[in-house]
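Contents: one structure, followed by commentary.
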Amino acid sequence: MQSSLRILRRAAPLLFSGLLAAMLCTGAARPAAAQTAGGFSGLSGLGGAGGLSGISGMGRSDGMGARGGLGVGVGLGETGAYGASSTTPWIPGAGRPSCSERGCPGRHWLNGRLILHGGAAQIYAARGGGNGNAGVPRGEWRFVPDEVITEFVSGASTQAIDRLARRYGLHKLESQDFSLIGSAIYRWHVGAGRSVVNVVGALSGERIVASVQPNYVFTLQDQPATEAKQGDSAQYVLGKLQIEEAHRLATGKNILVAVIDSQIDAKHPDLNGAVVRGYDALDSVEIPDAHGTAMAGAIAAHGKLLGVAPDVEILAARAFDETPRGAKGTSFAICKGLQWAADNGARIVNMSFVGPADPLMERMLAAAYAKDMVLVAAAGNAGPTSPPLYPAADPDVIAVTATDSHDALFAMANRGAYIAVAAPGVEILAVAPGQSYDITTGTSVAAAHVSGVVALLLERNGALKPKEIRALIMATAKRLGPAAHSSDYGAGLVNAYRAVMQANASPAGKNAQATQ
């Protein structure tokens, strides 16, 4: 409590100046609202678990006032600033919540933009209607150390962009039009001697800059694989998900599944003909990788191993490259993969990777969701104390955790209210490069299994919407926890057969009953 009071005293001048500005802009009734349902900022939980959210408006039109809006969040609670006075948990599938309406751990919304994620004393600049920009959360380090990503306002001239680049010592690496969000995004190299955090902060004040952020880094979510002899282990996943029964009704035929991952070994006998198109978002040598190959196999294998949806068509988007510390993918590369998937008609996007909250990726995911693309992601392997990881924690994404052959939760799986369902992900026999097989563990392969189940549902009923699919797989899941929805298992273990049987119900999942 004493530490909370010390933080409050240090933060008081900034907090109360923002409060005064907000009162001037919104009227005297707003503080009362803030004390009840969150109001404009959520002045709740001082010294508790709620923390203090952002207060907007500082009076100028240069990104700090009416046009931009400054959002400040300081964690005064014991567990950091969650940005909501409500204690009601956010349940996946409820749409895109506002933290003033329902508690949503780790995120806060202001003027339609995300400005706060959990953690003490984090400060964000909120992107408003003008040139306000998302900042770098204090303590966040998961980004390329010498790159930034920018978006410019409509009408910004090439000459103006070039002048800005020279002034800040930026070297253009690439740019691309992302039709999903109707904008061109630039990737820049930051000159020596300047930090990404400082450059992001400085560029956010430039009138021609619509948004700026680091090029965040994402990691694949599997544990080190162990070599397995061909056919030396049963695929327990098939029985757990009732795949044999489900395949009597659907096998994923003609459904396009985009796998955004490392390079897939499309020549593996178990994947013969499954990869119908490929895309490389990286400018490097393409070498088949165990992770991407295993994910494609979990979905589409049809040889010695059997995937959940063996007749799907895989769109292989390579966005992850091997580094000395494992395969890494960046915001820009992943978003290029998302755009390509949308351009090529993907119905499902498998994202077996995690990273920080990413404003650009969030916009891309929202646009893909609006195009009826079903988004599936690994919950993460960072353990029970980890904060929410993305893209799984995004409200438009189906977050999947992992269980073993006894339905026990994978010990290193993330927990949280954003978990939608569980699927087998511990000691899974997997396809590997070079006509070989491995044992893999993690929420990555669990997510791939759910992507396969979604493909079965879409073959059965192609009119299903992403929201309906989420509701259907949750309603037909086998409950594993004491409650209908838990932070460990979500709604429970996915059951492919029961979900496919209910796929023609109208509306989707209306008559589905969860196994107790």
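Per the numbering used here: the sequence shown = residues 571 to 1086.
Backbone N, C-alpha and C fix where the C-beta goes; we use that ideal spot for every residue, glycine too.
Can you grab the Cα-Cα spacing for the pair Asp-964 / Glu-892, in whole Å? When only Cα atoms are considered, Asp-964 and Glu-892 end up about 26 Å apart.
Do Ala-828 and Ala-911 have their beta-carbon atoms positioned less than 8 Å apart in this structure? Going by C-beta atoms, Ala-911 is nearer than 8 Å to Ala-828.
Counting along the chain, where does the alpha helix (DSSP H) carrying His-861 start and finish? Start and end: 860 to 870.
State the DSSP-derived secondary structure class of Pro-784, mapped to helix, strand or coil. In the structure shown, Pro-784 adopts extended strand secondary structure according to DSSP, grouped into three states.
Report the option in Glu-997, Ala-938, Ala-735, Asn-785 whose CA atom is closest to the CA atom of Val-714. Here the closest residue by C-alpha is Asn-785.
Run of the beta strand (DSSP E) containing Ile-1039, from where it starts to where it stops: Counting along the chain, Ile-1039 falls outside any beta strand (DSSP E), though it belongs to the alpha helix (DSSP H) covering 1036 to 1045.
Report the residue from Lys-898, Gly-705, His-872 whose alpha carbon sits nearest the alpha carbon of Gly-862. For Gly-862, the closest of Lys-898, Gly-705, His-872 by C-alpha to C-alpha distance is Lys-898.
So Phe-902 packs on Arg-712, CB below 8 Å; how close in whole Å? Beta-carbon to beta-carbon, Phe-902 and Arg-712 are separated by about 14 Å, too far to satisfy the 8 Å threshold.
When you compare the CB positions of Leu-945 and Ala-952, do they come within less than 8 Å of one another, or not? It is not a contact, given that the beta carbons lie outside the stated cut-off.
Using 10 angstroms around the beta-carbon of Gln-729, count the other beta-carbons present and answer buried if the total reaches 16, otherwise exposed. With fewer than 16 other CB atoms across the displayed protein chains lying within 10 angstroms of its CB, Gln-729 is exposed.
Please state whether DSSP places Ala-816 in a helix, a strand or coil. Looking at Ala-816 - three-state DSSP - the assignment turns out to be helix.
Residue closest to Gln-812, alpha-carbon to alpha-carbon, out of Phe-748, Gln-783, Ala-1061, Thr-1046: Ranking the options by Cα distance to Gln-812, first place goes to Thr-1046.
I need the DSSP call for Met-1071, collapsed to helix, strand or coil. Three-state result, Met-1071: helix.
Have a look at the DSSP bridge pairing and note the partners of Phe-722. Among the bridge pairs identified by DSSP, Phe-722 is matched with Val-779.
With DSSP as the reference, please indicate the residues paired to Lys-898 in a beta bridge. In the DSSP output, where bridge partners are listed per residue, Lys-898 has Thr-789, Asp-891.
List the whole-angstrom C-beta distance separating Ala-992 from Gly-1062, where the pair is believed to meet the contact cut-off of C-beta under 8 Å. Beta-carbon to beta-carbon, Ala-992 and Gly-1062 are separated by about 6 Å, close enough to satisfy the 8 Å threshold.
Segment limits, alpha helix (DSSP H) that includes Lys-810: Boundaries of the alpha helix (DSSP H) around Lys-810: 806 to 810.
With respect to the alpha helix (DSSP H) encompassing Ile-989, which residues constitute its N-terminal and C-terminal limits? No alpha helix (DSSP H) contains Ile-989, which is instead part of the beta strand (DSSP E) from 989 to 994.
Phe-923 - partner residues in DSSP beta bridges: Leu-790, per the DSSP bridge assignment.
Between the C-alpha atoms of Arg-733 and Leu-740, what's the straight-line distance to the nearest angstrom? Cα-Cα distance, rounded: 10 Å.
May I ask you to verify whether the stretch 998 to 1011 touches the stretch 1034 to 1054, counting CB pairs closer than 8 Å and requiring at least 3? Segments in contact, no.
How big is the Cα-Cα spacing for Glu-671 and Arg-985? Because the pLDDT at Glu-671 is just 28, under 50, the model does not fix this residue reliably, and the value given afterwards should be weighed accordingly. Their Cα atoms are separated by approximately 23 Å.
Terminal residues of the continuous beta strand (DSSP E) containing Ala-828? Unbroken beta strand (DSSP E) run through Ala-828: 826 to 831.
For Leu-875, collect the residues of the same chain with a Cβ closer than 8 Å to its Cβ; drop the 5 residues on either side in sequence, then sort them by chain order. The answer, listed in chain order, is Gln-805, Asp-840, Gly-867, Leu-999, Ala-1000, Val-1001, Tyr-1007.
Counted within 10 angstroms of its Cβ, other Cβ atoms place Ala-940 as buried (16 or more) or exposed: That one is exposed.
My understanding is that Ile-830 touches Ala-889, with C-beta atoms under 8 Å, so please give their C-beta distance in whole angstroms. The pair is a contact, with the Cβ atoms about 5 Å apart (cut-off 8 Å).
DSSP on Leu-743, reduced to helix/strand/coil? Strand at Leu-743.
Nearest-angstrom Cα distance between Ala-871 and Ala-844? Roughly 8 Å separates the two Cα atoms.
Using the three-state DSSP reduction, which class does His-759 fall into: helix, strand or coil? Shown here, His-759 sits in a strand according to DSSP, grouped into three states.
Starting from the N-terminal side, write out each stretch of the beta strand (DSSP E) that is 3 residues or longer and does not extend beyond the stretch 931 to 971. With a minimum length of 3 residues, the unbroken runs of beta strand (DSSP E) contained wholly in the stretch 931 to 971 fall at 944 to 948.
Please name the residue in Met-943, Val-767, Val-1020 whose C-alpha comes closest to that of Leu-826. The residue from Met-943, Val-767, Val-1020 with its alpha-carbon nearest to that of Leu-826 is Met-943.
For Ile-904, count the other beta carbons within 10 Å of its own beta carbon; 16 or more makes it buried, fewer makes it exposed. Which is it? Under this definition Ile-904 is a buried residue.
Beta carbon of Leu-750, beta carbon of Leu-908: below 8 Å? The Cβ atoms of Leu-750 and Leu-908 sit closer than 8 Å to each other.
I'd like to confirm the pairing. Which residues does DSSP put opposite Ala-1000 in its beta bridges? Partner(s): Asp-1008.
Starting from the C-beta of Asn-842, find all residues in its chain whose C-beta is less than 6 Å away, skip the five residues before and the five after it, and write them out in chain order. None.
Tell me which residue opens and which closes the alpha helix (DSSP H) that Gly-1022 is part of. Annotation for Gly-1022: the continuous alpha helix (DSSP H) segment containing it runs 1013 to 1030.
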